[in-house]
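According to this note's numbering, the sequence shown is numbered sequentially starting from 2. Yeah, the Cβ is synthetic: ideal placement off N, Cα and C, and Gly gets one too. Treat the numbers as computed from the prediction; the structure is a model and nothing was measured.
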Amino acid sequence: MVTGDGTVLGEAIAKQDEIHAKWGGVVPNLAREAHEDAIDSVVSQALANAGVDAKDLSAVAVTVGPGLSMCLRVGVVKAQQVCQENDIPIIPVHHMEAHALVARVRGEEEDSEDDSETSSSAPVSPTIAPFPFLALLVSGGHNQLLVARSVGEYTILGSALDDALGEAYDKTARLLGLDVGGGGGPALESLATNGDPKSYRFPVPLRKRKDCDFSYAGLKTAVRLAIERDLGKDSSDAFTKVQGGGETDEDDSSQESSEDTLYSPEEQTRRNQIKANIAASFQFAAIAHLEERTRRAVGWARETLMEPGNGANSQTEDEVDLTCIVVAGGVAANATVRERLLQVANEFNLPLITPQPKWCTDNGVMVAWAGLERFRLGLAEEAPTAAQIQEPKASDDDDTDRVPRRDVPLLPRWPLGVKDIRATGDVKSSKTARVAPPLQGVKR
Ligand code: KG4
Ligand code: ZN
2 MVTGDGTVLG EAIAKQDEIH AKWGGVVPNL AREAHEDAID SVVSQALANA GVDAKDLSAV
62 AVTVGPGLSM CLRVGVVKAQ QVCQENDIPI IPVHHMEAHA LVARVRGEEE DSEDDSETSS
122 SAPVSPTIAP FPFLALLVSG GHNQLLVARS VGEYTILGSA LDDALGEAYD KTARLLGLDV
182 GGGGGPALES LATNGDPKSY RFPVPLRKRK DCDFSYAGLK TAVRLAIERD LGKDSSDAFT
242 KVQGGGETDE DDSSQESSED TLYSPEEQTR RNQIKANIAA SFQFAAIAHL EERTRRAVGW
302 ARETLMEPGN GANSQTEDEV DLTCIVVAGG VAANATVRER LLQVANEFNL PLITPQPKWC
362 TDNGVMVAWA GLERFRLGLA EEAPTAAQIQ EPKASDDDDT DRVPRRDVPL LPRWPLGVKD
422 IRATGDVKSS KTARVAPPLQ GVKR
């Protein structure tokens, strides 16, 4: 729940990390069920925390893409229902735009522990990120560098050619047999604090390619080979069994085997150190790739903004240099990512703006805020009529009918902007799927 001046009145969140941990990744049907189970209570909680009645809302913002249709649909159906009941507009939001724009929310002060930015000699950060800015968006599904000119106007300088960094964190955490119930990224980050980042020399990806694209598949393979060599092929299995994941019967305690029972305390200590070293070294190379791409992207962005007619939006036409670098998305919650990108921003004398960690990982505030920014520009739709929203169909035998198939405007494939001419790399998803028009220019 956010007001026009960026005050966050209240928020609520439901997480599914434990479900993903149990099954070794996102299982679409289970993810959808978890959304269905949580949607009503999380909306009521957000309203209650804000002390706001639904009838006092001005509009509801909802993510319509990109993402898994069956999960997106749960949110859209709920949003339509609230909008119809209260006769208020609905604002369709792009998930990655929300990640970028939450950097413009003032929010409350961060705890000083989290506030690594202020402890350095960086230029003083503006409280919000004015346009135009360079955004590095790093999440589980996306790795992107883009120039943000104004709301809905983005030029993509580089994208993931294969795995995004969040996915690489998650897979590496599982290969190392970590407890990923609180998320693979945080588990790996925490382990890495005990390791030596220079102990393994993992290759920094795409060193020879002088563009802004990303690739983490090769690094992931290098890490897997190191794990197999130094810890054995089964290193990731022990923990999975303890968690009752995959096909294992949760109640069968005879299945339980962990490193505790397999190895002596000394051997366990040795193995834990290897794991920490691998985690730290993975993180070192992974972030070096982000640094390298971001450095190049600053140059590309500045060149782009210098071109006539390519500056910021009309209100800020005279402002043609970058105002700051924004790093957002789930991986931006990582303290080492924040620290090292701050150094890069310092090199260019640009402020670094990172949303507070809880607003880097997926959250409702970012969607509400992105909605508000679009609402101000008139990019909202009228409340749906009752006739447009059919009653749910109860069905016992077909799971796919548990969420009514209403005519919802989902955009599961939806580029955030147009690609810069220098960004020649193919984006994996655009080859295989029908792609909705870029956000840029989409007026509903
Ligand atoms: O943005 P997000 O919450 O969801 C997507 O849109 O994908 O990002 C989730 C990703 C996950 O892969 C998660 O492991 C990663 O962000 N992540 C982290 C950290 N916290 C979340 N990666 C590294 N360090 C963290 N502290
Ligand atoms: Zn996200």
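Item, Value
"Just to be sure I understand the criterion: a residue counts if its Cβ is closer than 5 angstroms to at least one heavy atom of ligand 1. Which residues meet that?", "Ser140, Gly141, Gly142, Gly167, Tyr170, Asp171, Gly184, Gly185, Gly186, Pro187, Glu190, Gly330, Gly331, Val332, Ala334, Asn335, Thr362 and Asp363"
"Assuming Asp150 is part of the beta strand (DSSP E), what are its boundary residues?", "The sequence as given places Arg at residue 150; Asp does not occur at that position. Unbroken beta strand (DSSP E) run through Arg150: Asn144 to Ser151."
"Could you check whether the stretch 173–180 touches the stretch 260–280, counting it as contact only if at least three pairs of C-beta atoms, one from each stretch, sit closer than 8 angstroms?", "yes"
"Could you have a look at Gly247 and say whether DSSP puts it in helix, strand or coil?", "Because the pLDDT of Gly247 is 41, which lies under 50, any placement of that residue in the model is unreliable, and the number read from its coordinates should be weighed accordingly. Three-state DSSP puts Gly247 in coil, outside helix and strand."
"For Ala329, does the count of other Cβ atoms within 10 angstroms reach 16, so buried, or fall short, so exposed?", "buried"
"Could you tell me whether the stretch 368–379 touches the stretch 340–357, where touching means 3 or more Cβ pairs closer than 8 angstroms?", "no"
"One question on the structure: do Ala336 and Cys361 come within less than 8 angstroms of each other, judged by their Cβ atoms?", "no"
"Is the number of C-beta pairs between the stretch 53–68 and the stretch 24–38 that are closer than 8 angstroms three or more?", "no"
"Ends of the alpha helix (DSSP H) at Phe283?", "Pro266 to Met307"
"As a quick exercise: from Ile326, Phe285 and Ser236, pick the residue whose alpha carbon is nearest that of Val148.", "Ile326"
"Taking contact to mean at least 3 C-beta pairs separated by less than 8 angstroms, is the stretch 281–298 in contact with the stretch 203–218?", "yes"
"Which partner residues of Tyr155 appear in the DSSP bridge assignment?", "Ala149"
"For Val366, which of Leu73, Glu19 and Ala104 has the nearest alpha-carbon?", "Ala104"
"Note down the Cα distance separating Pro438 from Gly219, rounded to an integer number of angstroms.", "31 angstroms"
"Is the beta carbon of Val368 sitting closer than 8 angstroms to the one on Ala99?", "yes"
"Indicate whether Gln145 and Met71 have their beta-carbon atoms separated by less than 8 angstroms.", "no"
"Determine the closest residue to Gly167 out of Gln389, Val106 and Pro187, with distance taken between C-alpha atoms.", "Pro187"
"Got a sec: does ligand 2 put a non-hydrogen atom nearer than 7 angstroms to the Cβ of His96?", "yes"
"Is His450 near ligand 2, judged by its Cβ being under 7 angstroms from some heavy atom?", "Because the chain here runs from 2 to 445, residue 450 falls outside it and cannot be looked at."
"Exposed or buried, Asn195, counting other C-beta atoms within 10 Å across all chains shown (16 or more means buried)?", "exposed"
"Tell me where the beta strand (DSSP E) around Pro93 begins and ends.", "Ile91 to His95"
"Do you know how far the Cα of Thr4 is from the Cα of Val181?", "35 angstroms"
"With respect to 7 angstroms, is the separation between the Cβ of His36 and the closest non-hydrogen atom of ligand 2 below this value?", "no"
"What is the DSSP secondary structure of Ile20, counted as helix, strand or coil?", "helix"
"At a threshold of 7 angstroms, does His100 count as lining ligand 2 (C-beta to nearest heavy atom)?", "yes"
"State the start and end residues of the unbroken alpha helix (DSSP H) segment that holds Thr362.", "Counting along the chain, Thr362 falls outside any alpha helix (DSSP H), and DSSP gives it neither H nor E."
"Closest to Gly76 by CA distance: which of Ala223, Ser191, Phe132 and Leu412 is it?", "Leu412"
"Is it buried or exposed for Arg339, if we count other Cβ within 10 angstroms and need 16 for buried?", "buried"
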